[in-house]
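Participant: What the sequence shown shows, in my numbering, is residues 5 to 90, in sequence order. Glycine included, every Cβ here is placed at the ideal spot set by N, Cα and C.
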Amino acid sequence: MRYGEDVSVLEMDGQFDKLEELIYVESHLSNTSAKFYGEITQQMLKNSSFPGSNNGTGLLQTIIGLKVREVYERITSESVVPASAN
Numbered sequence: 005m006r007y008g009e010d011v012s013v014l015e016m017d018g019q020f021d022k023l024e025e026l027i028y029v030e031s032h033l034s035n036t037s038a039k040f041y042g043e044i045t046q047q048m049l050k051n052s053s054f055p056g057s058n059n060g061t062g063l064l065q066t067i068i069g070l071k072v073r074e075v076y077e078r079i080t081s082e083s084v085v086p087a088s089a090n
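1. Exposed or buried, what is E9 when buried is set at 16 or more other beta-carbons lying within 10 Å of its beta-carbon?
2. Please work out which residues of its chain come closer than 7 Å, Cβ to Cβ, to R73, disregarding the five sequence neighbours upstream and downstream, and give them in chain order.
3. Anyone know if the C-beta pair for Q47 and T66 falls short of 8 Å?
4. State yes or no: is the C-beta of N51 within less than 8 Å of the C-beta of F20?
5. Using 8 Å for Cβ pairs, my map puts G18 next to E30. What's the rounded Cβ distance?
6. Any idea what DSSP makes of E9, helix, strand or coil?
7. Could you round the C-beta distance between T45 and I27 to whole angstroms and report it? I think they count as a contact, below 8 Å.
8. When the Cα atoms are used, what is the spatial distance from E24 to L49?
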């Protein structure tokens with residue numbers, strides 16, 4: 005329990021051997037601000053050369069980025085279209 009609310013904690017130790025398998029983790033997350041199923045995995049794959057992209061650091065940074073986008077859209081009332089993975 006945290007601040008009177010039930011929570012689940014996700015701990016990550018080590019790295020993802022295959023970033024494609026992150027979709028399994030993503031399927032168990034909620035309230036991530038992703039605009040579509042698989043967006044977190046897509047962003048991690050797109051930025052796979054970035055430091056931390058294959059571990060929990062990259063996952064946290066990606067989720068924070070999606071939350072920042074959500075706040076930006078709320079403040080500006082402008083919707084941001086997710087970049088597609090190329």
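Facilitator: Answer, in terms of the structure:
1. Your numbering for residue 9 matches position 5 in the sequence shown. The residue in question, E9, is exposed, as its Cβ has fewer than 16 Cβ neighbours within 10 Å.
2. For the purposes of this step, residue 73 is taken as the residue at position 69 of the sequence shown. If we look at R73 and ignore the five residues flanking it on each side, its Cβ neighbours are S37, V84.
3. Position 43 of the sequence shown holds residue 47. Position 62 of the sequence shown holds residue 66. Going by C-beta atoms, Q47 is nearer than 8 Å to T66.
4. Taking the sequence shown and counting its residues from 1, the one referred to as residue 51 is at position 47. Taking the sequence shown and counting its residues from 1, the one referred to as residue 20 is at position 16. For the 8 Å CB-CB criterion, N51 and F20 do not form a contact.
5. Here residue 18 corresponds to residue number 14 of the sequence shown, with the count starting at 1. Here residue 30 corresponds to residue number 26 of the sequence shown, with the count starting at 1. Approximately 17 Å separates the beta-carbon atoms of G18 and E30; this is outside 8 Å, ruling out the contact.
6. Stepping through the sequence shown from its first residue, residue 9 is reached at position 5. E9: strand per DSSP, three-state reduction.
7. Translated into the one-based positions of the sequence shown, residue 45 becomes position 41. Translated into the one-based positions of the sequence shown, residue 27 becomes position 23. 5 Å between Cβ atoms; contact.
8. Taking the first residue of the sequence shown as position 1, residue 24 is located at position 20. Taking the first residue of the sequence shown as position 1, residue 49 is located at position 45. If you take the alpha carbons of E24 and L49, they lie about 7 Å apart.
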